[in-house]
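> Before we start, here is the structure in question, set down as structure tokens.
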Amino acid sequence: MVAAVYRMCAWLLFLTSISITTYTYTPHNFSGWPFLLLFLFVLLLFMVCYSLSLCTVSRSTGV
């Protein structure tokens, strides 16, 4: 159950980072260094959440 919540948060963060990136690099708004840093931060959070979900799965199954 906890792993599913972590995984759902991870995919929400991933979709958020994709939408931030597509908005940032459209031609009307090309100077997007703060958005690029935000994208990298969200991607880092995604990896943390996803690894936490994998850890909770392995802990609950006893592997």
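Taking the UniProt record's numbering, the leading residue of the sequence shown gets 1, the next gets one more, and so forth. Cβ coordinates follow ideal geometry from the N, Cα and C atoms, glycine included.
Roughly how many angstroms separate the alpha carbons of CYS40 and SER17, rounded to a whole number?
Locating residue 40 in the sequence shown gives position 40, counting from the first residue. Locating residue 17 in the sequence shown gives position 17, counting from the first residue. Reading the sequence as shown, one finds Leu at residue 40 and not Cys. Approximately 8 Å, taken between the alpha carbons.
> Can you name, in chain order, every residue of its own chain whose Cβ lies under 8 Å from the Cβ of ARG7, other than the five neighbours on each side?
Within the sequence shown, numbered from 1, the residue matching residue 7 stands at position 7. The beta carbon of ARG7 sits closer than 8 Å to those of CYS49, TYR50, SER53, all from its chain and outside the five residues before and after it, given in chain order.
> List the whole-angstrom C-beta distance separating LEU13 from LEU45, where the pair is believed to meet the contact cut-off of C-beta under 8 Å.
Counting from one through the sequence shown, the residue named residue 13 turns up at place 13. Counting from one through the sequence shown, the residue named residue 45 turns up at place 45. Contact between LEU13 and LEU45 holds: their C-beta atoms lie close to 5 Å from each other, under 8 Å.
> Considering only the alpha carbon of each residue, which of PRO34, VAL5, MET47 lies closest to ILE20?
Counted from its first residue, the sequence shown places residue 20 at position 20. The option with the nearest alpha carbon to ILE20 is PRO34.
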